[in-house]
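Peer 1: Chains as they are written, first to last, in the working numbering: chain U, 3 to 559; chain G, 173 to 498.
Backbone N, C-alpha and C fix where the C-beta goes; we use that ideal spot for every residue, glycine too.
Quick caveat, the model's predicted, so the values are computed rather than measured.
(1) By the 10 Å Cβ neighbour count, where 16 or more other Cβ atoms means buried, how is residue 394 of chain G classified, buried or exposed?
(2) Would you kindly check if the distance between the Cβ of residue 101 of chain U and the Cβ of residue 202 of chain U is under 8 Å?
(3) In whole angstroms, what separates the C-alpha of residue 397 of chain G from that of residue 180 of chain U?
(4) Taking 8 Å as the cut-off, does the segment 161-171 of chain U touch the segment 118-127 of chain U (at least 3 CB pairs, one atom from each stretch)?
(5) Residue 105 of chain U lies in the alpha helix (DSSP H); which residues open and close that run?
(6) Output the distance between the C-alpha atoms of residue 341 of chain G and residue 157 of chain U, rounded to the nearest integer angstrom.
(7) Mind listing the chain U neighbours of residue 415 of chain G? Cutoff is C-beta to C-beta under 9 Å, in chain order.
(8) Are the segment 102-117 of chain U and the segment 136-148 of chain U touching by the rule of at least three beta carbon pairs closer than 8 Å?
(9) Please report the straight-line C-alpha distance between residue 372 of chain G and residue 241 of chain G, rounded to a whole angstrom.
(10) Mapping the DSSP letters down to three states, classify residue 336 of chain G as helix, strand or coil.
(11) From the beta carbon of residue 561 of chain U, is the nearest beta carbon of chain G less than 8 Å away?
(12) Name the residue from U:479, U:438 and U:252 whose alpha carbon lies nearest to the alpha carbon of residue 224 of chain U.
(13) Mind pulling the chain G residues with CB within less than 8 Å of residue 281 of chain U?
(14) Return yes when the Cβ of residue 229 of chain G is within less than 8 Å of the Cβ of residue 279 of chain U, no when it is not.
(15) Should residue 365 of chain G and residue 312 of chain G be called a contact, given that it needs their Cβ atoms to be closer than 8 Å?
(16) Quick one: which chain U residues come within Cβ less than 8 Å of residue 374 of chain G?
(17) Start and end of the alpha helix (DSSP H) containing residue 431 of chain U?
(18) Rounded to the nearest angstrom, what separates residue 351 of chain U and residue 512 of chain U at their Cα positions?
(19) Which residue from U:299, U:314, U:345 and U:495 puts its Cα closest to that of residue 287 of chain U?
(20) For a contact defined as C-beta to C-beta under 8 Å, what are the partners of residue 464 of chain U on chain G?
(21) Quick one: using the 10 Å Cβ neighbour count with 16 as the cut-off for buried, is residue 469 of chain U buried or exposed?
(22) Quick check on the DSSP output: the alpha helix (DSSP H) that includes residue 256 of chain G runs from which residue to which?
(23) Just to confirm, is the Cβ distance from residue 277 of chain U to residue 359 of chain U under 8 Å?
(24) Is there a Cβ of chain G sitting closer than 8 Å to that of residue 65 of chain U, yes or no?
(25) Beta-carbon of residue 302 of chain U versus every beta-carbon of chain G: anything under 8 Å?
(26) Which of the three DSSP states, helix, strand or coil, is assigned to residue 313 of chain G?
(27) How long is the line joining the alpha carbons of residue 233 of chain U and residue 362 of chain G, rounded to whole angstroms?
(28) Cα separation between residue 248 of chain U and residue 141 of chain U?
(29) I'd like to know whether the C-beta of residue 423 of chain G is nearer than 8 Å to at least one C-beta of chain U.
(30) Is residue 306 of chain G helix, strand or coil when you go by DSSP?
(31) For residue 340 of chain U, count the other beta carbons within 10 Å of its own beta carbon; 16 or more makes it buried, fewer makes it exposed. Which is it?
(32) Whole angstroms is fine: what's the gap from residue 227 of chain G's alpha carbon to residue 238 of chain G's?
(33) By a C-beta neighbour count over all protein chains shown, 10 Å radius and 16 as the cutoff for buried, is residue 423 of chain U buried or exposed?
(34) Taking the DSSP output, what are the residues bridged to residue 442 of chain G?
(35) DSSP three-state call for residue 181 of chain G: helix, strand or coil?
(36) Alpha carbon to alpha carbon, how far is residue 308 of chain U from residue 314 of chain U? Give it in angstroms, no decimals.
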C-alpha cells in the first residue's frame with residue numbers, strides 16, 4: 003500500500019493509526035491518575051488528621067470532602083482504568099495481535115478518542131464552576147444527586163450536570179471503540195488465525211466489550227432521566243411525584259457490576275501473556291479459561307442487586323442474588339488456579355512485568371476471598387457502606403488495574419518505543435508499591451469490621467470510631483498511601499530515562515510468540531507488509547524437540 | 173471476634189457466627205493458595221540448563237489439578253450460601269407478631285423517633301417524638317417503620333448488627349430486640365449531603381421501668397451530647413439545640429456548615445435571600461424556627477430546615493440561649 007508522508011498533525015494529533023490512538027488514550031489516562039491520586043491524598047490526610055491544614059492543599063470542608071470522594075471514584079474507574087486497560091491496550095494490541103494493518107474503522111477510532119478527550123475536559127472543568135464539582139457520590143443516587151427535588155438551580159447544579167455529561171460522552175467514546183474491537187477481531191484476523199488460536203487477551207477484550215455493550219444501555223437511560231430531573235424538572239426518581247429512587251440504583255448497578263469485569267477481564271488477559279512468556283510454558287487450560295470467562299461474563303449480568311441488599315429491595319430477592327454472586331467466584335477460581343498451574347514446573351524469570359503479575363496474583367487472592375464475604379447478603383447487613391467494602395474493592399481493583407496495567411506497560415513499552423525500561427528502577431518500583439499497598443488497606447479492613455462507615459469527613463463526633471486503635475489505623479493507611487505515591491517516582495524517572503537512554507529492544511526482547519513481536523519495535527505504520535500467515539496458537543513455549551523454547555505464531559517450521 | 177463491637181441484639185449472634193464461619197474458610201483457602209503460589213514461584217525460578225515441560229492443561233488427567241480445588245470452592249460456597257440464608261432470614265424475614273411499634277424517620281441530618289401516645293396509635297397528634305434519641309426497653313421486640321423525609325439515609329447500629337436504608341417514598345418495616353442495657357451509637361450509612369458526617373443519634377436500651385418513666389416524663393435523661401461552650405452547659409436552651417438536632421447544621425463556634433452559625437447570631441447584620449438586609453432579633457429567630465422557609469439567609473440552600481414541634485416555651489428558651497452566644 004502506498005502511503006504519502008503525513009504532516010505532523012495528521013500523524014500525532016488527528017491520527018487514525020491505532021497505535022497513536024492507543025498512546026493518546028494511555029497518556030490521557032496516566033495524566034488522570036495524577037488527579038485521582040491527588041484527590042485521595044487530600045481526603046486520606048483529612049481522615050488521618052481531621053480539620054488540620056493539609057500540606058499542598060489547606061483545609062478541606064465537608065462539601066469538598068464529598069466532591070473529592072465522588073471525583074476520585076469517577077476518575078479512577080472511568081478516566082483511568084477504562085481508558086488504560088480497555089481503550090489504550092485494546093487499541094495498541096488488537097490489530098497487532100490479530101495480524102491486521104489497523105482497526106476496522108480507523109476514522110471512528112479517532113472520533114472515539116476525541117470524544118473521550120472532550121469528556122475529560124468537561125469533567126475537569128466541573129471542579130471550577132460556581133457551586134463546585136459533583137458531590138453526590140460516584141454512584142450518584144437520587145434524590146441527593148437530583149438536588150433533593152428542591153427546585154432547579156442552574157449554577158449550583160452545573161458541576162453535577164457536567165459530571166453526567168462527561169460520563170455520557172465517555173460511554174459514547176467507548177461504544178465506538180467497542181464496535182471497532184469486535185469487528186476487527188471478528189473480520190480482520192490474519193489468514194490461518196482461528197478463534198482458539200487467539201491470544202487470551204484478545205478473548206478477554208472481546209468478552210469485556212460484549213459485557214460493556216450489553217450493560218451500558220440501561221445506565222445511559224438512567225443517566226438521561228437523572229439529567230432531565232436535574233435540568234428541566236421531570237420527576238423520574240422523585241417519589242413525591244410518583245417516581246422511584248430505587249429505579250436508578252437498578253439501572254446503575256445493572257451496568258456497574260459488569261463494569262467491574264470490563265476492567266478485570268483485559269487485565270487477566272494481559273497477565274496471561276506476561277505469565278506464559280516469563281515462565282516459558284503453555285497457558286494451562288486455555289479453553290477452560292475461555293469458557294469460564296464466557297460464563298462469568300454472562301453471570302455478571304445477573305448479580306447487580308448485591309449492591310442493594312439493604313437498599314430497600316424485597317428481602318426475598320436477596321437469596322437469589324447472593325447465590326449468583328457467590329457462584330461468580332467459580333469461573334474466576336478456575337482462571338486463577340489455571341494461572342498458578344501455568345507457573346508449576348515453569349522456568350520462571352523475575353523480570354519487572356512478571357513481578358507485577360505475581361504481585362497481582364498474590365494480592366488479588368485477598369480481594370477475591372473478601373468478595374466471598376460480601377457476596378453473603380447477611381454479612382452485608384453489617385458490612386454494607388463500611389470501610390470493609392472500601393478495602394475489598396481496592397484489593398480487587400488495585401491489583402487488577404494498577405499491578406496488571408503496570409506490568410503491561412513494562413512488558414509492551416519496548417514494543418512501542420523500541421527501548422527497554424530499566425530493571426533496577428523497575429524492581430524498586432515493584433517492591434515499594436506492592437508491599438506498602440497492603441499498609442493502606444489492611445488497616446481499613448480492620449476499621450470496617452469495627453463498624454466504621456464510609457463517606458464521613460471527620461469522625462471526631464463518633465467516640466466509638468475514635469479509639470486509639472482506629473485513629474492509629476487511619477494514620478497508618480494515610481502514611482502508606484504517601485509511601486506508595488513516593489515509590490512511583492522511580493517509575494516516572496524510568497519512563498523518561500529509558501525513552502532516550504534505554505537499551506535498544508529489538509523486535510522480540512521477551513522471546514514471545516504472538517504476532518506483535520514479529521515486527522520491528524516500534525511497529526511501522528501499516529503494521530505488517532505483507533499480512534502474516536498464522537500456523538499455530540500463541541502459547542507454544544518449550545515444545546519438545548525444538549532448539550528454541552518459543553515458536554512464533556507465524557513461523558512455518 | 174475481638175474486632176467487632178459488642179453485640180446487643182437477639183439476632184446479632186447469627187451474623188457473628190456467619191462472620192466466623194466465612195473467616196475460617198477464607199483463612200484456610202487463602203493460606204493454601206498463597207502458600208502454593210509462593211512455593212511454586214520460589215521452587216521453579218529460572219535455573220540454567222533446566223527447561224520447562226510442555227503441559228497444556230488439556231483433558232481430565234491434567235485439568236483435575238484445577239477442577240478438584242474448584243469443586244472444593246463450590247462446596248464451600250454452597251455451605252456459605254446456606255448459612256447466609258439462615259442469618260438473612262433471622263434478621264430480615266422473620267418479623268415477630270408482637271412488639272412495641274415505633275416510626276423512625278431519617279432527614280437531613282437527624283433521626284427522629286415517634287412513639288405512639290396515649291391512644292396507642294402511630295401517626296396521630298399525641299405521638300411522642302424524640303430527635304436523635306432512641307430509647308427502647310431491653311428484651312422486648314421493637315418493630316419499626318423506617319421512612320426518609322428527603323434523601324436516602326441508612327439506619328446503622330453496629331452494636332445491633334443491623335443496617336437498613338431509609339428510602340423516600342417507601343416505608344420499610346423491620347425489627348430488633350436488644351438484649352443488653354446501655355448506650356450505643358446510631359449512624360447514617362448512606363451519603364445524604366454535606367452534613368452526613370454529623371448525622372448521629374443515640375440508642376438507649378433501658379430496663380422496662382426506666383423506659384416507661386422516661387417516655388412519660390417527656391424529658392431526655394441522657395442521649396445526645398451537649399456541645400455548648402463552657403459556662404452554658406446547664407442551660408436548657410443549649411440542651412434543646414442538641415436534642416432537636418439543630419447543631420447538626422448550625423455550629424456554636426462560628427464555622428459554617430449547612431446553616432449559619434449560632435455564634436454572634438443575635439444582632440448580626442444579615443443579608444436575606446431576597447436581597448434585603450436585616451438585623452437578627454428575637455422576633456426573627458422565633459419566626460425562623462416556626463417557619464424556616466420565610467426570610468431565609470442568603471447563601472444557604474433553601475428548604476433544608478425542617479419545622480420542629482417545639483412549644484412556645486421551648487422556643488423562648490432557645491432564643492434566650494442564642495442571645496448569649498456573642
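Peer 2: Let's see:
(1) Taking the second chain and counting its residues from 1, the one referred to as residue 394 of chain G is at position 222. Here residue 394 of chain G scores only 39 on pLDDT, less than 50, and its place in the model is too uncertain to base an answer on.
(2) The count along the first chain starts at 1 and reaches residue 202 of chain U at position 200. The count along the first chain starts at 1 and reaches residue 101 of chain U at position 99. Against a cut-off of 8 Å, the Cβ pair of residue 101 of chain U and residue 202 of chain U comes out as no contact.
(3) The residue given as residue 397 of chain G occupies position 225 in the second chain. The residue given as residue 180 of chain U occupies position 178 in the first chain. With a pLDDT of only 37 at residue 397 of chain G, under 50, the local geometry of the prediction cannot be trusted, and the value read off the model is given with reservation. Cα to Cα, residue 397 of chain G sits roughly 56 Å from residue 180 of chain U.
(4) yes
(5) Counting from one through the first chain, the residue named residue 105 of chain U turns up at place 103. Counting along the chain, residue 105 of chain U falls outside any alpha helix (DSSP H), and DSSP gives it neither H nor E.
(6) Residue numbering aside, residue 341 of chain G sits at position 169 when the second chain is read from its first letter. Residue numbering aside, residue 157 of chain U sits at position 155 when the first chain is read from its first letter. About 28 Å.
(7) Numbered from 1 along the second chain, position 243 holds the residue referred to as residue 415 of chain G. By Cβ distance, chain U contributes nothing, its closest Cβ being about 15 Å from residue 415 of chain G, past 9 Å.
(8) no
(9) In the second chain, the residue the question calls residue 372 of chain G occupies position 200. In the second chain, the residue the question calls residue 241 of chain G occupies position 69. Those two C-alpha atoms are separated by around 46 Å.
(10) Here residue 336 of chain G is taken as the residue at index 164 of the second chain, counted from 1. Reduced to three states, the DSSP call for residue 336 of chain G is strand.
(11) No information on residue 561 of chain U is available, as it lies outside the stretch 3 to 559 that chain U covers here.
(12) In the first chain, the residue the question calls residue 224 of chain U occupies position 222. Looking at the Cα atoms, U:252 is the closest of the given residues.
(13) As a working note, residue 281 of chain U is residue 279 in the first chain. Those are 216 and 224, listed as they occur along chain G.
(14) Translated into positions along the first chain, residue 279 of chain U becomes position 277. Translated into positions along the second chain, residue 229 of chain G becomes position 57. No, they are not a contact pair.
(15) Taking the second chain and counting its residues from 1, the one referred to as residue 365 of chain G is at position 193. Taking the second chain and counting its residues from 1, the one referred to as residue 312 of chain G is at position 140. Residue 365 of chain G is not a Cβ neighbour of residue 312 of chain G, given a cutoff of 8 Å.
(16) Stepping through the second chain from its first residue, residue 374 of chain G is reached at position 202. Correct list: empty, because the minimum Cβ distance to chain U is about 11 Å.
(17) Locating residue 431 of chain U in the first chain gives position 429, counting from the first residue. Segment 425-451, the alpha helix (DSSP H) holding residue 431 of chain U.
(18) Residue mapping note: residue 351 of chain U aligns to position 349 of the first chain, counting from 1. Residue mapping note: residue 512 of chain U aligns to position 510 of the first chain, counting from 1. Approximately 10 Å, taken between the alpha carbons.
(19) Position 285 of the first chain holds residue 287 of chain U. Ranking the options by Cα distance to residue 287 of chain U, first place goes to U:345.
(20) Locating residue 464 of chain U in the first chain gives position 462, where the first residue counts as 1. Correct list: 357, 359 and 372.
(21) Residue 469 of chain U sits at position 467 when you count from the first residue of the first chain. The residue is exposed, with fewer than 16 neighbouring Cβ atoms inside 10 Å.
(22) For the purposes of this step, residue 256 of chain G is identified with residue 84 of the second chain, where counting begins at 1. Note, residue 256 of chain G: alpha helix (DSSP H), 231-264.
(23) For the purposes of this step, residue 277 of chain U is taken as residue 275 along the first chain, with counting starting at 1. For the purposes of this step, residue 359 of chain U is taken as residue 357 along the first chain, with counting starting at 1. Yes, these two residues count as a Cβ contact at 8 Å.
(24) The count along the first chain starts at 1 and reaches residue 65 of chain U at position 63. Yes, because at least one Cβ of chain G sits closer than 8 Å to the Cβ of residue 65 of chain U.
(25) For the purposes of this step, residue 302 of chain U is identified with residue 300 of the first chain, where counting begins at 1. No - not a single Cβ of chain G is within 8 Å of the one on residue 302 of chain U.
(26) Residue 313 of chain G sits at position 141 when you count from the first residue of the second chain. Strand.
(27) For the purposes of this step, residue 233 of chain U is identified with residue 231 of the first chain, where counting begins at 1. For the purposes of this step, residue 362 of chain G is identified with residue 190 of the second chain, where counting begins at 1. Rounded to whole angstroms, residue 233 of chain U to residue 362 of chain G spans 24 Å at the Cα level.
(28) Position 246 of the first chain holds residue 248 of chain U. Position 139 of the first chain holds residue 141 of chain U. Looking at the two C-alpha atoms, the distance is approximately 12 Å.
(29) Looking up residue 423 of chain G in the second chain gives position 251. Contacts with chain U at 8 Å (Cβ-Cβ) do not include residue 423 of chain G.
(30) Residue 306 of chain G sits at position 134 when you count from the first residue of the second chain. Correct three-state label for residue 306 of chain G: strand.
(31) In the first chain, residue 340 of chain U corresponds to position 338, counting from 1. With 16 or more Cβ atoms within 10 Å of its Cβ, residue 340 of chain U is classed as buried.
(32) Reading the second chain from its first residue, position 55 is the one you call residue 227 of chain G. Reading the second chain from its first residue, position 66 is the one you call residue 238 of chain G. Each residue's Cα considered, the two are about 13 Å apart.
(33) Position 421 of the first chain, counted from the start, is the residue given in the question as residue 423 of chain U. Label assigned to residue 423 of chain U: buried.
(34) Along the second chain, one-based indexing puts residue 442 of chain G at 270. G:450, per the DSSP bridge assignment.
(35) In the second chain, residue 181 of chain G corresponds to position 9, counting from 1. Reduced to three states, the DSSP call for residue 181 of chain G is strand.
(36) As a working note, residue 314 of chain U is residue 312 in the first chain. As a working note, residue 308 of chain U is residue 306 in the first chain. Approximately 12 Å between the Cα atoms of the pair.
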